[in-house]
Amino acid sequence: TTIARAAWRASNSKQLWYLCDENMDENTGYSLFDENCEPLSTYTDASYWVTFFILYNNVLPLSLYVTIEFVNLCQAEFVNSDVEMYDDKSNTPARARTSNMNGDLGQIEYIFSDKTGTLTQNEMRFQCLSVSGVMYGECEGIITKPVE
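One point on numbering: in this note's numbering, the residue at position 56 of the sequence shown is 416, and numbering is uninterrupted.
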């Protein structure tokens, strides 16, 4: 953007008499205005670069969000196409239903497992869940008490 500004300024400097350009042509007819002009040596290309950097600073995170979402989408597609994540018994392939699944997997604190498979026969079944007092699953015979 700094290069584009410099190119635009070079091609239009004769029409920008109100900016008091040092290289202004004296034949423009604005000689009355010249006496009020001071040279603008303080505004250099470096100062314009800093200005554009500050202006575009807020645009960078937006592109970062798009990139991260694209990476999450690709990772979800890898999970969907993984042949080793297929259950022969139920004939079900792995299916990622959200794009941020890998981020959610990083939040897991506890994994309940039976290393030998003698107790669960390597099969874990959903039994019961209570969310805001609504019971899901087969909850009959299970003693429920509120969590304090």
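Beta carbons: idealized from backbone N, C-alpha and C, even for Gly.
Just so we're clear, the structure is a prediction, and the values are computed from it rather than from any experiment.
#1: In the DSSP assignment, what residue or residues form a beta bridge with G463?
#2: Who are M495's beta bridge partners in DSSP?
#3: Go to I363, then tell me how far its alpha helix (DSSP H) extends in each direction, as first and last residue.
#4: Roughly how many angstroms lie between the CA atoms of R485 and N418, to the nearest whole one?
#5: Indicate whether the contact test is met: 3 or more Cβ pairs, each with one atom in the segment 461-477 and one in the segment 493-503, closer than 8 Å.
#6: Rounded to a whole number of angstroms, what is the C-alpha to C-alpha distance between S490 and R455?
#7: Going by other Cβ atoms of all chains shown within 10 Å of its Cβ, with 16 needed for buried, is A370 buried or exposed?
#8: Can you grab the Cα-Cα spacing for the pair N460 / I428, in whole Å?
#9: Report buried or exposed for A436, applying the criterion of at least 16 other Cβ atoms within 10 angstroms of its Cβ.
#10: On a CA-only basis, which of Y416, F413, V439 and D464 is nearest T452? Give me that one, please.
#11: Can you list, in chain order, the residues of its chain with a C-beta nearer than 7 Å to that of D442? Leave out the 5 residues immediately preceding and following it.
#12: Could you tell me which residues DSSP puts in a beta bridge with P453?
This is what the structure holds:
#1: Answer is none; G463 lacks a bridge partner.
#2: S490
#3: Residues T362 to N372.
#4: Rounded to the nearest angstrom, the two C-alpha atoms are 47 Å apart.
#5: Because the criterion of three Cβ pairs below 8 Å is not met, the segment 461-477 and the segment 493-503 do not touch.
#6: 25 Å
#7: exposed
#8: 10 Å
#9: buried
#10: Residue V439 is the option with its Cα nearest to T452.
#11: Around D442: A454.
#12: Y446
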